[in-house]
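Position 130 of the sequence shown, counted from 1, bears residue number 132 in my numbering, the numbering being contiguous throughout.
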Amino acid sequence: EMSRRALRWVGAVAAGCCIIGVPACSRAPSQADMHGTYAACYPQAREVLILKADGKFRQTVVLASSAKTNEAMGTWRYDCTNRHIVFDGYYMAVLDGFGRLGSNWDRPSDGIFIFPVRAKFGRITIDANDEVVYRKLRK
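Right, here's the structure in full:
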């Protein structure tokens, strides 16, 4: 009898985990879901990223050490199927590949940047790298 009770308990816990896990794997955000203001805070800086409905973006970076501010503007597009966002030129990559402030952090690149987009429990994030994660601010 104890083993049957234990099996039922394990089954109930497993079923609960499956039900709870479903919202975490929710549908991909739509193009309209992506518009809005995002913020990222990390040891070297804080950023605000505004994605406009017309496909333009504005990125504002404020350094933590000096409060020096720089701004960049460019265009963006969202691939709902692959769940990534593409910034076409003029995005500022603040950190180098080692998590340190890049020597040209304040100069927008004319390259293309592709970042994954995640949606968990209705909250959208853009993961530029392990350190820089933009979180959409609620309206």
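For every residue, glycine included, the Cβ atom is placed at its ideal position computed from N, Cα and C.
DSSP places Gln61 within a strand segment (E or B) once states are collapsed to three. The C-beta separation of Asp112 from Tyr92 comes to about 7 angstroms, placing the pair in contact by the 8 angstroms criterion.
The distance from the Cβ of Val63 to that of Val96 is about 6 angstroms, consistent with a contact at the 8 angstroms cut-off. Going by beta carbons, Phe59 and Trp78 fall inside the 7 angstroms limit. The shortest C-alpha to C-alpha distance from Lys122 to any of Asn106, Arg85 and Asp98 is the one to Arg85. The Cβ-Cβ distance between Thr71 and Leu139 does not fall below 7 angstroms. Phe115 is positioned such that its CB atom lies no closer than 7 angstroms to that of Ile128.
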